[in-house]
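*Asks:* Add 18 to the 1-based position in the sequence shown for the numbering used here, that's all there is to it.
Beta carbons: idealized from backbone N, C-alpha and C, even for Gly.
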Amino acid sequence: MKTSRRYFLKGTVATAAIAGSVEGLAAESNDAPIYQATGLRIGEVTPTTAIVWTRLTQHTTRNNDGVVFKKRGPSEEARNMPVEEIEGACPGQPGQLRLVYWPEEAMTQAVTTPWQRVDEEGDFIHQFHLEGLQPQTTYHLRSETSVEGQPTHGALTGKFRTAPLPNTVAPVRFCVMTCQGYPDRDHPDGHPIYPSMLTKDPDFISLTGDLVYYDNDAPSAMTSDLAHLHWQRMFSLPRLVEALRNTSTYWLKDDHDTLNDDSWPGRKYGDFTFEEGQKIYRQQAPLGSQSYRTFRWGKDLQIWLTDGRDFRTPNKMKDGPDKTIWGAEQKAWFKRTIAASDATWKVLISPTPIVGPDRKKKNDNHSNAGYNHEGNEIRRWLQKNVPDNFFVVCGDRHWQYHSIHPETGVKEFSVGAASNSHAGGTPGRDPNYHRFHKVQGGFLNVSVDGNDTHSSILFQLCDVDGNVAFEQKYETDRTK
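Shown next as structure tokens:
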């Protein structure tokens, strides 16, 4: 890994060490084993706050020798087998967790939280809500665990950077990814995009949904126990653990990591319900109270994250003014906050497309005919109110593109699937929309830079190794 201009990656393990287990990270704190096989997750960062996700596990590593299911779909064998016997399982255990955190090079300001008890009811997870942080500052973490009657275990370390204040001109860099199938990760230690994203030195990574595939990846999550297994095995992969403990994140869910393909509230998948899926997602992601929200990163950047599952009406409903993906409250919030923002660049990170185009047979997002009424409403409102400095970044689609809506001019970047083997599905290049179109895995890298007179935003669609396949830059002169 290259050394960053802001010391962000200083002190991380070398890229080659990523292939090691979480237990191998113990050397960063002490020689005691680390019982946090599912890693750390740092989310919802603002200039002064953050949420740190922690979990206590029975073992120091994932079950790499467990039973592997290769046939996709329901499996009675998996339903009747103890989950801890399946490959990738990371069973939790009751105990305590605490966090120590401090600003970079200021350990005298370290804060140690009280011990927090965890148990099966909360999947052995605790989310620490940090307050009173310093803006635009790198913070270091030590997550410690303990089981009654035993000494404190080794600590899992991490770091993140807080956002600049809204009146501060500061560079910001972030990455966006989506759609990571477990059998399609293209490397046993996890998807190649994770070390590639780290080399971009991101202030944060946005994970935009389909982070696990309950219905497509064997064994299907027909029960809540198997749903938990999907999260355990995916996020205990060494490359994911390494990336997510070294930068902050903003999380979104979509259909496959809520229930199943194109799902909506009230649906069931086997014995597993949509409402159970919502609950488990809130356990697994470092989130605040709202599923839709907005964050400011200095004078030049504001991001919006929308939810496309919690408030939608059924996909099979006839299109019209009552059919919705966002719901009336979220839609009003989006319009109100976009209009009120004075950020130089405004970026919506959406789990599904607003522009597309998508396949004709699909009926699940704002670029489809099934939600054409609300899609047109949103695009036309954007055309009228924020035509030049607004961009959509979307997940869900398994190919990369940059498209511009031919009628309204709304600009959209699709980040593509998390691996090459998971890429595909495109209806093909449409010259009326596409400025770039390629079927490949990868991610989006975005850089915002500026000074007192000038600001720019650069979008780079990268392949899984971080090579830039397409880039588009926008600039503005503050003096005009």
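Would residue 253 and residue 56 be called neighbours here (beta carbons separated by less than 8 Å)?
*Replies:* For this step, residue 253 is matched to residue 235 along the sequence shown. For this step, residue 56 is matched to residue 38 along the sequence shown. Cβ distance < 8 Å, so residue 253 and residue 56 count as in contact.
*Asks:* Please determine, among 143, 97, 87 and 98, the residue with the shortest C-alpha to C-alpha distance to residue 114.
*Replies:* The sequence position of residue 114 within the sequence shown is 96, counting from 1. Comparing Cα positions, the closest option is 143.
*Asks:* Checking the sheet assignment: what are the DSSP bridge partners for residue 148?
*Replies:* In the sequence shown, residue 148 corresponds to position 130, counting from 1. Looking at the DSSP assignment, residue 148 forms a beta bridge with 68.
*Asks:* Considering only residues of the same chain and omitting the five flanking positions on each side of residue 362, which have a CB-CB separation below 6 Å?
*Replies:* Within the sequence shown, the letter at position 344 stands for residue 362. Counting only Cβ-Cβ distances below 6 Å, and skipping sequence neighbours, we find 318 and 473.
*Asks:* Pull the bridge partners of residue 231 from the DSSP assignment, please.
*Replies:* Locating residue 231 in the sequence shown gives position 213, where the first residue counts as 1. In the DSSP output, where bridge partners are listed per residue, residue 231 has none listed.
*Asks:* I'd like the span of the beta strand (DSSP E) that includes residue 322, first residue to last.
*Replies:* The residue given as residue 322 occupies position 304 in the sequence shown. Segment 319 to 323, the beta strand (DSSP E) holding residue 322.
*Asks:* Where does residue 195 sit, in a helix, a strand or coil, going by DSSP?
*Replies:* Locating residue 195 in the sequence shown gives position 177, where the first residue counts as 1. Here residue 195 sits in strand by DSSP.
*Asks:* Would residue 216 and residue 261 be called neighbours here (beta carbons separated by less than 8 Å)?
*Replies:* Taking the sequence shown and counting its residues from 1, one reaches residue 216 at position 198. Taking the sequence shown and counting its residues from 1, one reaches residue 261 at position 243. Yes. Within cutoff.
*Asks:* For the structure I just gave you, are there three or more beta carbon pairs, one from the region 240 to 259 and one from the region 294 to 312, closer than 8 Å?
*Replies:* Flag = yes, the region 240 to 259 and the region 294 to 312 touch.
*Asks:* Let me confirm a value: residue 387 is counted as buried when at least 16 other C-beta atoms fall within 10 Å, else exposed. Which label applies?
*Replies:* Sequence index remark: in the sequence shown, residue 387 carries index 369 (1-based). Residue 387 should be labelled exposed.
*Asks:* Name the DSSP beta bridge partners of residue 476, please?
*Replies:* Against the sequence shown, residue 476 aligns to sequence position 458. DSSP lists 465 and 491 as partners of residue 476.
*Asks:* Under DSSP, the alpha helix (DSSP H) around residue 213 begins and ends at which residues?
*Replies:* Along the sequence shown, one-based indexing puts residue 213 at 195. Where residue 213 is concerned, the enclosing alpha helix (DSSP H) stretches over 211 to 216.
*Asks:* Which value, in whole angstroms, describes the spacing of the CA atoms of residue 494 and residue 322?
*Replies:* Counting from one through the sequence shown, the residue named residue 494 turns up at place 476. Counting from one through the sequence shown, the residue named residue 322 turns up at place 304. Rounded to whole angstroms, residue 494 to residue 322 spans 21 Å at the Cα level.
*Asks:* Which value, in whole angstroms, describes the spacing of the CA atoms of residue 368 and residue 100?
*Replies:* Along the sequence shown, read from residue 1 onward, the residue named residue 368 stands at position 350. Along the sequence shown, read from residue 1 onward, the residue named residue 100 stands at position 82. Distance between the alpha carbons of residue 368 and residue 100 is about 36 Å.
*Asks:* In whole angstroms, give me the CA-to-CA distance for residue 138 and residue 477.
*Replies:* As a first step, residue 138 must be located in the sequence shown, where it is residue number 120. As a first step, residue 477 must be located in the sequence shown, where it is residue number 459. Approximately 42 Å, taken between the alpha carbons.
*Asks:* Residue 356 and residue 364: beta carbons closer than 8 Å?
*Replies:* Position 338 of the sequence shown, counted from the first residue, corresponds to residue 356. Position 346 of the sequence shown, counted from the first residue, corresponds to residue 364. Yes, they are a contact pair.
*Asks:* Would you say residue 468 and residue 481 are within 8 Å of each other, going by their C-beta atoms?
*Replies:* Here residue 468 refers to the residue found at position 450 when the sequence shown is read from its first residue. Here residue 481 refers to the residue found at position 463 when the sequence shown is read from its first residue. It is not a contact, given that the beta carbons lie outside the stated cut-off.
*Asks:* Where does residue 156 sit, in a helix, a strand or coil, going by DSSP?
*Replies:* Numbered from its first residue, the sequence shown carries residue 156 at position 138. Strand, per DSSP.
*Asks:* To the nearest angstrom, how far is it from the Cα of residue 61 to the Cα of residue 268?
*Replies:* Residue numbering aside, residue 61 sits at position 43 when the sequence shown is read from its first letter. Residue numbering aside, residue 268 sits at position 250 when the sequence shown is read from its first letter. Rounded to whole angstroms, residue 61 to residue 268 spans 6 Å at the Cα level.
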